[in-house]
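Just so you know, the sequences run in chain order D and L. Residue numbers for the first sequence follow our numbering, beginning at 1 and rising by one. Residue numbers for the second sequence follow our numbering, beginning at 1001 and rising by one. All C-beta atoms in this analysis are idealised placements derived from N, C-alpha and C, irrespective of residue type, glycine included. Remarks on the structure that follows.
There are 2 protein chains.
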Amino acid sequence: MRDVALRAGVSQMTVSFVVNGTKNVSSGTHHLVREAIEALGYVPNRAARSLASAEEMRIGLLHSNVPNAFLSELLTGTLNAASRLGLQIHLEKFDPGRPDLLVASIERLAAAGANALLLPPPVGEHAAVSPLWRACDMPAVAVAPGASLSGIAAVRNDERQAACDMVSLIFDHGHRRIGIITGPPSHSASQARLDGYLAAHAERGLTADPSLAVPGSFDFTSGIDGAATLLDSADPPTAIFASNDAMASGVIALAHRRRLDLPGDLSVAGFDDTPIATQVWPTLTTVGRDVTAMAEKGVEMLAAIRRSHTSGGGCPIEDHIAEYRLIRRDSVGPPRR
Amino acid sequence: MRDVALRAGVSQMTVSFVVNGTKNVSSGTHHLVREAIEALGYVPNRAARSLASAEEMRIGLLHSNVPNAFLSELLTGTLNAASRLGLQIHLEKFDPGRPDLLVASIERLAAAGANALLLPPPVGEHAAVSPLWRACDMPAVAVAPGASLSGIAAVRNDERQAACDMVSLIFDHGHRRIGIITGPPSHSASQARLDGYLAAHAERGLTADPSLAVPGSFDFTSGIDGAATLLDSADPPTAIFASNDAMASGVIALAHRRRLDLPGDLSVAGFDDTPIATQVWPTLTTVGRDVTAMAEKGVEMLAAIRRSHTSGGGCPIEDHIAEYRLIRRDSVGPPRR
DNA sequence: CTGAAAGCGCTTACAG
DNA sequence: CTGAAAGCGCTTACAG
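Here it is, written out as structure tokens:
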């Protein structure tokens, strides 16, 4: 930096201003400095910067310990944003079965240096309802909850609408009885997706048969179980909307075991567009979204919150609603009969 | 730190020594300092540390752009080690179809600040054979290549032995004709796993029928195609060893389409123990390993290389061989006939 | 085994 | 619009 200042004939301070855009600098000086930076290949030293500014956001990512495709995209997005912004990331596992350990996990993260939190499902949900949460006064953003969370800003999709679109798509293929396997109550996505399923019925002036909604837990096995319950019922559905891809692949596995023809005997839809969606046969019609981009946006929101936090500003950050899209593959088609 | 020194009645320097274990400190002083650290809740400032030591490793992770379960585990391990050691991580995508862009990718990573490289497959393989690679003099470690790579230290498994064990397991169930779907030549794992397949035959005094080995590309579709080739041959195998789980799930999908009974009509084995292994029916017998731990070890090796690099030491780091284990699930069983 | 002091490369009130 | 200078919290030859 000193070399740049020397070459441009200005003070280090001016160079700092140019690099950071902190203050107005005359365009002539600006140009001179830019040129010197270019010529010398100057790259600011992050360590010195954060030491001097005493302001360094270190992101704590509190994830439930199931390793999955979602985590991969989440990490990719978080890392992209973090390396762009020069931030540290700390990972901590959280057992959703022990919500009482939430604060302990956050404290461990804080001890490791984290001072801002990214909360994927179902951690965001747990935090939102935790009375202890407010105590640890750290900026937080929930990534991909199914609906808005009280007191925690989020980057999310309109999952209710997405589920409604998906179920409408199934109706449009001529199905009349559509089953749903819901997710666990700990995920706000479960309720949102069920709401969408109900809304699609309502739009058609229909009332969904309550026996067509069976509970699941977002994992493969619960998809198998849910499908068995639905198919063994007195008046089985001709299509099943599984609330995520893992359960949808369970439905498909059970259908294979029973030698059903897909999608003729049974249409299946999922949600998430994880890699498994293209690794089953028939390939899965599902709802896709860019989790990587959502995570990046989440980090940016965190930075914004932190700024308004330190500068005393009180305006709460609003949820960012990301796009989703219906991905039509082969597992949904007209019913045979 | 000053407060700690004051409280312990020593110099900051001594505190630094205690914290870092850089130098010998008398046990009495050591204890005093530890106590002061505890009492004051002192946590070292990373920024100041790296500024002062002018020694900061920033890891560049050059991954092929397929998002998958492997990447997730790799990222988790890398992040764990990085946050423990206080390191930055930079991500860069690499298109394996364009090996000519390897150096450009590395340069982009370097521009972002990376000064050490972690190379998952097939990037490590590409680098190992790239004449341009030597030019960019950066410490590098390959994570999970199938075999040792020339000129690049690696943390890996004995994949040849793992494949041999798996094929032996299939033999032990009474199979005599075992097919293999190999991986792409760009992955060293492909050759290693094929070698293991051949070795298992050799151990039994058998020579593998060359028509039982068909090429694949590690993706679901190539598993379907490979299985079709094998099953349509004049003398089809009773078991198929797919060189990874994605292809194994393709084999299973094709078997379902053909209404085969698994594992009675066809046994299937995979490699990697990705989440899909438990999301197919029957669940997949496969080879598991702790990729997260391997990535952590990789970061540690990188640190070791970098130290010997800067201190002028020339001793090359040796490969670290990690454990693997056979995971017996339901997709391998005795042949019906 | 222990310490005083310089210095790492930035940022930022404070003047002008 | 621009600058001199203090200071961020550590590490590390160099002495003793």
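* Asked: Which residue's Cα is closest to the Cα of L:Asn1065: L:Pro1096, L:Ile1059, L:Gly1086?
  -> Of the listed residues, the one whose Cα sits closest to L:Asn1065 is L:Pro1096.
* Asked: Can a CB atom of chain L be found closer than 8 Å to the CB of D:Leu302?
  -> no
* Would you identify the three-state DSSP class for D:Thr238, choosing helix, strand or coil? => coil
* Classify L:Met1013 as buried or exposed, calling it buried when 16 or more other Cβ atoms lie within 10 Å of its own Cβ. => exposed
* Spatial neighbours of L:Ser1011 within its chain, please: CB distance less than 8 Å, with the 5 preceding and 5 following residues excluded, ordered by chain position. => Ala1005
* To do: Under 8 Å by Cβ, that's how I've got L:Val1155 and L:Gly1298 pegged, so tell me the actual separation to the nearest angstrom.
  => 5 Å
* Asked: DSSP three-state call for L:Ser1064: helix, strand or coil?
  -> strand
* To do: Using a Cβ cut-off of 7 Å, pull out every chain L residue sitting near D:Arg257, in sequence order please.
  => Trp1281
* So, is D:Val129 buried or exposed, given that buried needs 16 or more other C-beta atoms within 10 angstroms? -> exposed
* Asked: Quick one: is L:His1063 buried, meaning 16 or more other Cβ sit within 10 Å of its Cβ, or exposed?
  -> buried
* Asked: If we call anything under 8 Å between Cβ atoms a contact, is D:His256 one with L:His1256?
  -> yes
* Taking L:Ala1269 as the reference, which of L:Glu1107, L:Ile1327, L:Ile1224 has the closest Cα? -> L:Ile1327
* Pick helix, strand or coil for D:Arg84, following the three-state DSSP scheme. => helix
* Asked: D:Asp137 to D:Gly151, Cα distance in whole Å?
  -> 12 Å
* Asked: How about L:His1187 and L:Pro1121: are their beta carbons less than 8 Å apart?
  -> yes
* For L:Ala1199, I'd like the list of residues in its chain whose CB is within less than 6 Å of its CB, leaving aside the five on either flank, ordered along the chain. => Cys1164
* To do: Indicate whether D:Leu118 and L:Leu1079 have their beta-carbon atoms separated by less than 8 Å.
  => The answer is no: Cβ separation not under 8 Å.
* Please name the residue in L:Ile1181, L:Val1280, L:Ala1039, L:Glu1203 whose C-alpha comes closest to that of L:Arg1193. => L:Ile1181
* Range covered by the alpha helix (DSSP H) that runs through D:Tyr197 -> 188-203
* **Short Cβ contact (8 Å threshold) for D:Leu71 with D:Ile89** => no
* To do: Mind checking which residues open and close the alpha helix (DSSP H) that includes L:Asn1020?
  => 1012-1020
* Take D:Gly288 and list the residues in its own chain whose beta-carbon comes closer than 6 Å to its own, dropping the five residues that flank it on each side. => Asp273, Arg325, Ile327
* Residue from L:Ser1148, L:Asn1024, L:Gly1009 with nearest C-alpha to L:Ala1322 -> L:Ser1148
* Cβ shell of D:Gly113 (< 6 Å), same chain only, five flanking positions each side left out -> Arg58
* Asked: Can the beta-carbon of L:Gly1250 be found closer than 8 Å to that of L:Phe1220?
  -> yes
* Asked: Applying a beta-carbon distance threshold of less than 9 Å, which residues of chain D neighbour L:Glu1318?
  -> Those do not exist, as L:Glu1318 stays about 29 Å from chain D at its closest Cβ, beyond 9 Å.
* **Cβ of D:Gly113 within 8 Å of any chain L Cβ** => So, interface residue.
* To do: Might you give, ordered along the chain, the residues of its own chain that have their beta carbon closer than 7 Å to the beta carbon of L:Ala1162, omitting 5 neighbours on each side?
  => Closer than 7 Å at the Cβ level, and outside the excluded window around L:Ala1162, lie Gly1196, Val1287, Tyr1324.
* Asked: Does D:Pro275 have its Cβ less than 8 Å from a Cβ in chain L?
  -> yes
* Asked: Under 7 Å from any heavy atom of the ligand SAM, does the C-beta of D:Ser217 make it?
  -> This structure lacks the ligand SAM; in fact it carries no ligand of any kind.
* Establish whether the CB of L:Arg1046 and some CB of chain D are separated by less than 8 Å. => yes
* **Sheet register partners of L:Ser1267 (DSSP bridge)** => L:Ala1239
* Using alpha carbons as the reference points, say which of D:Gly146, D:Trp281, D:Ser53 lies closest to D:Leu254. => Residue D:Trp281 is the option with its Cα nearest to D:Leu254.
* **Proximity test, Cβ basis, 8 Å: L:Ile1089 and chain D** => yes
* Asked: D:Leu62 versus chain L: which residues are under 7 Å apart at the beta carbon?
  -> D:Leu62 does not reach chain L, its nearest Cβ partner there being about 13 Å away, counting only Cβ pairs nearer than 7 Å.
* **Local Cβ density within 10 Å of D:Ser53, reported as buried at 16 or more and exposed below that** => exposed
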